[in-house]
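K.L.:
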Amino acid sequence: KCGHSFREDTVVFHIGKGGGGTLMKHLAIGIKWVHPRPNPSINELIQNGPLRTLIFNVRDPVDRFVSAFNWRNAILCHPNDERHRGQKKMKGGRKLGATRRPDEFCKKGNEEEAAMLRETYQSNPSVMAEALCHDSPLRPSAEQDFSKVHHSTTLTQWLDFLIDPRLVENINDDGIQQLIVLPLEKRPGANETLFEKHIDNLRHHLLSKRYGMDASNEMMRLAQERKLEKEEILRRKMKDKPKLETHLHSSTKFYNSTKSILTKLGECCLARYLTDDYRLIQSMLGGDEASKTDFAIAGLDPLDDAHPVIQKACVWGNEEQMQSCRDDLMSILMRRAKYLNESKGSCSAIINAE
């Protein structure tokens with residue numbers, strides 16, 4: 023048994039409610055992680071070295087915020103909550119709490135956020151989304167409340183040092199050389215996402231860069247054999263034991279649904295509020311690919327003066343992986359295209375015209 027550590031030059035920005043838990047579980051390589059919010063000291067190490075490779079998980083910005091809203095609304099304690107407050111210490115020192123068992127536990131200590139979600143916005147993400155409409159008198163307060171939702175940090179806030187020209191100027195030759203994006207996207211007609219395949223390809227990419235293709239192939243083969251052996255041992259061990267359902271920090275599993283239903287108006291207003299995140303995703307397609315989306319998203323331009331690594335976010339792995347990455351990003355953009363095109367008028371006008 024041997025371990026592979028890339029901590030000296032590689033960092034993962036684990037973006038909340040965007041598949042980061044799955045990434046941590048399946049990557050199985052020693053890497054520096056940043057979560058749940060940006061860390062300025064780490065950003066400096068990316069700008070100046072020695073951290074030269076940044077891994078970044080991306081989910082549709084609207085879906086990610088709705089997931090964050092629903093998850094926090096589910097796990098935070100409320101005044102009459104009958105669930106166990108806080109964590110419970112289990113055998114072996116392991117702690118169990120709301121992130122794994124939100125049906126039995128609730129998270130305490132975030133009373134202001136909990137009251138905002140349940141009282142101001144009626145436990146409904148659409149109420150906040152509609153309050154963010156350009157013509158809503160509630161927009162100023164909704165913008166402040168948006169930032170109070172845990173995991174609401176936008177993609178452009180995470181990568182501001184690669185986007186803001188004043189900060190980009192501070193990146194020197196020893197700084198970042200590669201940005202690797204891992205999209206979490208279920209394309210139309212697909213039964214599942216390709217996220218876990220992206221993770222496997224990422225592990226193979228990192229290992230092959232360090233050890234060569236042949237050695238990497240053999241390591242991946244051995245890792246798969248070991249994984250199957252562990253799964254079989256666990257299956258036998260748990261065969262006659264009742265299954266303890268955990269939710270692994272997942273609002274999807276807790277709600278048994280991939281997304282909460284937004285009103286069309288809420289979807290449009292939230293997408294427009296997060297326009298810069300979609301511009302970032304468009305920029306990640308690269309120059310030629312980004313321009314191809316113009317026919318569907320008139321007026322939505324890639325980010326200006328961003329660091330060049332952003333345009334190469336899908337340029338890693340083999341050709342199939344690169345195209346799969348671009349296709350996932352394109353799928354995210356296409357789903358919100360009709361709302362992001364502001365030349366079609368206000369969100370209310372678009373909805374009324376449908």
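With the working numbering applied, the sequence shown has no gaps in its numbers, which climb one by one up to 376 at the end.
From the three backbone atoms N, C-alpha and C, an ideal C-beta is built for every residue, glycine too.
Source: prediction; values computed, not measured.
Gln69 and Ile255 look like a contact to me (Cβ under 8 Å); what is the Cβ gap, rounded to whole Å?
P.N.:
For the purposes of this step, residue 69 is taken as the residue at position 47 of the sequence shown. For the purposes of this step, residue 255 is taken as the residue at position 233 of the sequence shown. Between Ile255 and Gln69 the Cβ distance is about 45 Å, and since that is not below 8 Å, they are no contact.
K.L.:
Run the CB neighbour count on Ile202, radius 10 Å, all protein chains shown included, and call it buried at 16 or more, exposed below.
P.N.:
The residue you call residue 202 lines up with position 180 of the sequence shown. Per the 10 Å Cβ criterion, buried.
K.L.:
Report the rounded CA-to-CA distance for Gln345 versus Glu214, giving the unit in angstroms.
P.N.:
Indexing the sequence shown from 1 puts residue 345 at position 323. Indexing the sequence shown from 1 puts residue 214 at position 192. Answer to the nearest angstrom: the Cα atoms are 17 Å apart.
K.L.:
Are the region 173 to 193 and the region 123 to 142 in contact at 8 Å, needing three or more beta carbon pairs?
P.N.:
Contact between the region 173 to 193 and the region 123 to 142 is absent, because fewer than three Cβ pairs lie under 8 Å.
K.L.:
When the Cα atoms are used, what is the spatial distance from Lys281 to Thr178?
P.N.:
In the sequence shown, residue 281 corresponds to position 259, counting from 1. In the sequence shown, residue 178 corresponds to position 156, counting from 1. With a pLDDT of 44 at Lys281, under the threshold of 50, the predicted position of this residue should be treated as unreliable, though the coordinate-derived value follows. In a straight line, the C-alpha of Lys281 is about 22 Å away from that of Thr178.
K.L.:
Taking the alpha-carbon positions, what's the Gln166 to Leu98 distance?
P.N.:
Residue mapping note: residue 166 aligns to position 144 of the sequence shown, counting from 1. Residue mapping note: residue 98 aligns to position 76 of the sequence shown, counting from 1. For Gln166 and Leu98, the distance between alpha carbons rounds to 19 Å.
K.L.:
Measure the C-alpha to C-alpha separation of Asp85 and His106 and round it to an integer number of angstroms.
P.N.:
As a position in the sequence shown, residue 85 is number 63, starting the count at 1. As a position in the sequence shown, residue 106 is number 84, starting the count at 1. Approximately 29 Å between the Cα atoms of the pair.
K.L.:
Alpha carbon to alpha carbon, how far is Cys291 from Val190?
P.N.:
Within the sequence shown, the letter at position 269 stands for residue 291. Within the sequence shown, the letter at position 168 stands for residue 190. Rounded to whole angstroms, Cys291 to Val190 spans 30 Å at the Cα level.
K.L.:
Are there three or more Cβ pairs, one per stretch, closer than 8 Å when the region 108 to 117 is compared with the region 147 to 162?
P.N.:
They do not touch, by the three-pair rule.
K.L.:
Is Lys39 buried or exposed, if buried means 16 or more other CB atoms sit within 10 Å of its CB?
P.N.:
Mapped onto the sequence shown, residue 39 falls at position 17. Buried is the call here.
K.L.:
Is the region 362 to 372 touching the region 77 to 97 in the sense that three or more CB pairs, one from each, lie closer than 8 Å?
P.N.:
Output reads no: the region 362 to 372 does not touch the region 77 to 97.
K.L.:
Of the choices Arg248, Ala164, Phe28, whose alpha-carbon is the least far from that of Ala6?
P.N.:
This structure leaves residue 6 out entirely; the chain is present only between 23 and 376.
K.L.:
Taking only three categories from DSSP, how would you classify Val337?
P.N.:
Translated into the one-based positions of the sequence shown, residue 337 becomes position 315. Reduced to three states, the DSSP call for Val337 is coil.
K.L.:
Confirm, please, whether the CB-CB distance from Leu67 to Leu73 is below 8 Å.
P.N.:
In the sequence shown, residue 73 corresponds to position 51, counting from 1. In the sequence shown, residue 67 corresponds to position 45, counting from 1. In this structure, Leu67 lies closer than 8 Å to Leu73 by Cβ.
K.L.:
Quick check: the Cα distance between Leu302 and Glu376, rounded to an integer number of angstroms?
P.N.:
The residue labelled residue 302 in the question sits at position 280 within the sequence shown. The residue labelled residue 376 in the question sits at position 354 within the sequence shown. Approximately 28 Å, taken between the alpha carbons.
K.L.:
Spatial neighbours of Pro58 within its chain, please: C-beta separation below 6 Å, excluding the five flanking residues on both sides.
P.N.:
In the sequence shown, residue 58 corresponds to position 36, counting from 1. Same-chain partners within the cutoff: Gly38.
K.L.:
Can you have a look at Phe35 and say buried or exposed, based on whether 16 or more other CB atoms are within 10 angstroms of its CB?
P.N.:
Translated into positions along the sequence shown, residue 35 becomes position 13. Answer is buried; the Cβ neighbour count reaches 16.
K.L.:
Can you name the start and end residues of the alpha helix (DSSP H) that Leu67 belongs to?
P.N.:
Residue numbering aside, residue 67 sits at position 45 when the sequence shown is read from its first letter. From DSSP, the alpha helix (DSSP H) with Leu67 extends over 62 to 70.
K.L.:
Note down the Cα distance separating Lys249 from Leu287, rounded to an integer number of angstroms.
P.N.:
What you label residue 249 is simply residue 227 of the sequence shown in a count that begins at 1. What you label residue 287 is simply residue 265 of the sequence shown in a count that begins at 1. Those two C-alpha atoms are separated by around 45 Å.
K.L.:
Apart from the five residues just before and just after Gly309, which ones in its own chain have a Cβ nearer than 7 Å to its Cβ?
P.N.:
In the sequence shown, counting from the first residue as 1, residue 309 sits at position 287. Taken in chain order, the residues that qualify are Gln333.
K.L.:
If you draw a straight line from the alpha carbon of Ala137 to that of Gln343, how long is it in whole angstroms?
P.N.:
The sequence position of residue 137 within the sequence shown is 115, counting from 1. The sequence position of residue 343 within the sequence shown is 321, counting from 1. Cα-Cα distance, rounded: 44 Å.
K.L.:
Within 10 Å of its beta-carbon, does Glu240 have 16 or more other beta-carbons around it, so buried, or fewer, so exposed?
P.N.:
Position 218 of the sequence shown, counted from the start, is the residue given in the question as residue 240. Exposed is the call here.
K.L.:
Look at the alpha carbon of Ala153 and the alpha carbon of Pro210, and state the distance between them as a whole number of angstroms.
P.N.:
Taking the first residue of the sequence shown as 1, we reach residue 153 at position 131. Taking the first residue of the sequence shown as 1, we reach residue 210 at position 188. If I take the Cα positions, the gap works out to 29 Å.
K.L.:
Return the Cβ separation of Val80 and Lys54 in integer angstroms, given the expectation that the two are a contact with Cβ distance under 8 Å.
P.N.:
Position 58 of the sequence shown, counted from the start, is the residue given in the question as residue 80. Position 32 of the sequence shown, counted from the start, is the residue given in the question as residue 54. Contact doesn't hold; Cβ gap of about 19 Å is too wide.
K.L.:
Would Gly348 and Tyr300 be called neighbours here (beta carbons separated by less than 8 Å)?
P.N.:
Walking along the sequence shown from the start, residue 348 turns up at place 326. Walking along the sequence shown from the start, residue 300 turns up at place 278. According to the sequence shown, residue 348 is Arg rather than Gly. Not a contact, by the Cβ cut-off of 8 Å.
K.L.:
Helix, strand or coil for Ile221? Go by DSSP, reduced to three states.
P.N.:
Walking along the sequence shown from the start, residue 221 turns up at place 199. In the structure shown, Ile221 sits in a helix (DSSP, three-state: H, G or I).
K.L.:
Whole angstroms are fine: how far does the CA of Arg140 sit from the CA of Glu95?
P.N.:
Here residue 95 refers to the residue found at position 73 when the sequence shown is read from its first residue. Here residue 140 refers to the residue found at position 118 when the sequence shown is read from its first residue. Looking at the sequence itself, residue 95 is Asn, so the reference to Glu does not match. So the two alpha carbons sit approximately 7 Å from each other.
K.L.:
Starting from Ile303, trace the alpha helix (DSSP H) in both directions and tell me its first and last residue.
P.N.:
Taking the sequence shown and counting its residues from 1, the one referred to as residue 303 is at position 281. Its alpha helix (DSSP H) spans residues 297 to 306.
K.L.:
Could you tell me the boundaries of the beta strand (DSSP E) in which Lys54 lies?
P.N.:
What you label residue 54 is simply residue 32 of the sequence shown in a count that begins at 1. From DSSP, the beta strand (DSSP E) with Lys54 extends over 54 to 56.
K.L.:
Which whole-angstrom value is the C-beta distance of Pro205 and His226, which I expect to be below 8 Å?
P.N.:
If you number the sequence shown from 1, residue 205 lands on position 183. If you number the sequence shown from 1, residue 226 lands on position 204. The pair is not a contact, with the Cβ atoms about 17 Å apart (cut-off 8 Å).
K.L.:
Quick check on this structure: which residue in Ser353, Ile64, Val331 has the alpha carbon closest to the alpha carbon of Gln199?
P.N.:
Counting from 1 along the sequence shown, the entry for residue 199 is found at position 177. The shortest C-alpha separation from Gln199 is found at Val331.
K.L.:
Can you tell which of Cys336, His329, Gly197, Leu224 has its C-alpha closest to the C-alpha of Gly71?
P.N.:
The sequence position of residue 71 within the sequence shown is 49, counting from 1. Comparing Cα positions, the closest option is Gly197.
K.L.:
Secondary structure at Ile283, three-state DSSP: helix, strand or coil?
P.N.:
Numbered from 1 along the sequence shown, position 261 holds the residue referred to as residue 283. In this structure, Ile283 counts as coil in the three-state DSSP scheme.
K.L.:
Report yes if the C-beta distance between His156 and Ser368 is below 8 Å; otherwise report no.
P.N.:
The sequence position of residue 156 within the sequence shown is 134, counting from 1. The sequence position of residue 368 within the sequence shown is 346, counting from 1. Taking 8 Å as the Cβ cut-off, His156 and Ser368 qualify as a contacting pair.
K.L.:
Express the C-alpha separation of Asn223 and Cys350 in angstroms, rounding to a whole number.
P.N.:
Along the sequence shown, read from residue 1 onward, the residue named residue 350 stands at position 328. Along the sequence shown, read from residue 1 onward, the residue named residue 223 stands at position 201. The question names Cys, but residue 350 in the sequence shown is Asp. Looking at the two C-alpha atoms, the distance is approximately 15 Å.
K.L.:
Pick helix, strand or coil for Arg140, following the three-state DSSP scheme.
P.N.:
The residue given as residue 140 occupies position 118 in the sequence shown. Helix, per DSSP.
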